[in-house]
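In numbering that gives the first Met the number 0, the protein residues as written are 0 to 175.
These notes are about the structure you will find just below.
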Amino acid sequence: MLPALILTYPLLMRRGILWHRPLPPWYQILFELAGFIITTEVVFYYSHLFLHLPVIYERVHKQHHYFRAPIGIVSEYSHPIEFIVSSMTSVIAGPVLFRSHLLTTWIWLLIAVAGTINHHCGYLIPGILSTGLANPSFHDFHHSQFTANFGLLGILDRLHGTDKAWRAHKQKTEKQ
């Protein structure tokens, strides 16, 4: 991630993300973080769907799916093209669009990397990290099936119906 941040630094500075601006108020930070979540979900979903096109998947994304039962560190195991097209672009799009303060951007990067590791950890950690949209089993299902659950939060998967197999699987396991 550090090399990618170094490479995107000029873009961030050009867009007005400056370290010397006064710190934003807490409510602006929260508003922007909420915007980043939405932006990341949209950019990641469509870029991830693109990576699953047969010609792209075979040459680029297959490396990430080498691990069918992922662990935390697998979250960053990807082809350089995938890292730029999907991982980095989806995470940095929000701060660039919002022209966020560097502190807000750093907070977001910390949340995004921790969330990605959580999605790949393979464990249901008690509390907020195991419920609803942050459920690691949602992404584990993607690694085992490859044809469902392309988003991070499942919002666009639900909208486009790419979570049907996941919902059927979940219903089946809840009945057992």
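Glycine included, C-beta positions come from ideal geometry on N, C-alpha and C.
Does residue i pass the burial test, meaning 16 or more other C-beta atoms within 10 Å, or should it be called exposed?
i       : result
Glu-31  : buried
Ala-167 : exposed
His-19  : exposed
Val-42  : buried
Gly-160 : exposed
Tyr-44  : buried
Pro-94  : buried
Val-54  : exposed
Trp-25  : exposed
Thr-115 : buried
Ala-33  : exposed
Leu-155 : buried
Leu-158 : exposed
Please tell me whether residue i and residue j are closer than 8 Å, where the distance is taken between their beta carbons.
i       : j       : result
Ile-16  : Ser-99  : yes
Ser-136 : Ser-85  : no
Ala-113 : Thr-39  : no
Ile-91  : Thr-7   : yes
Phe-149 : His-51  : yes
Thr-104 : Ile-28  : no
His-64  : Phe-145 : yes
His-118 : Leu-151 : yes
His-60  : Glu-75  : no
Point to revise | Uninterrupted beta strand (DSSP E) stretches inside the stretch 41-118 (no shorter than 3 residues) | key: The stretch 41-118 contains no complete beta strand (DSSP E) run of 3 or more residues.
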